[in-house]
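To start, the structure under review is shown below, and the notes come after it.
Numbering (my numbering), first residue to last: 1 to 78.
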């Protein structure tokens, strides 16, 4: 069944998703294996973070993790 959202619940979820997407993107630039920061890749990763957040909200954590893993494999192979 589809989750039932109130307007307040939707706005809270959207705000959470945007914040987490920026954190998700930012983590790709930290540490010795992090990429050098570039705004286009940061924004791309933030948009992917929003997609993963939507998958998490509607399908759950495992589906979001599997989607990320399959994307990583796709990038590695192609």
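Idealized CB from N, CA, C, for every residue including glycine. Keep in mind that this is a model prediction, so the values were computed, not measured.
Could you check the C-alpha separation between residue i and residue j for me, to the nearest Å?
i: residue 66; j: residue 43; result: 22 Å
i: residue 27; j: residue 73; result: 19 Å
i: residue 36; j: residue 69; result: 22 Å
i: residue 40; j: residue 47; result: 11 Å
i: residue 55; j: residue 33; result: 27 Å
i: residue 22; j: residue 31; result: 17 Å
i: residue 10; j: residue 16; result: 10 Å
i: residue 78; j: residue 38; result: 22 Å
i: residue 14; j: residue 75; result: 28 Å
Quick one: using the 10 Å Cβ neighbour count with 16 as the cut-off for buried, is residue i buried or exposed?
i: residue 58; result: exposed
i: residue 79; result: For residue 79 there is no data in the structure shown, the boundaries of the chain being 1 and 78.
i: residue 49; result: buried
i: residue 64; result: buried
Could you give the C-beta distance for residue i and residue j, rounded to a whole number, given that I count them as a contact under 8 Å?
i: residue 25; j: residue 4; result: Not confirmed; about 30 Å, so no contact.
Length-filtered (3 minimum) beta strand (DSSP E) runs lying within the segment 38 to 78: Whole beta strand (DSSP E) segments, 3+ residues: zero.
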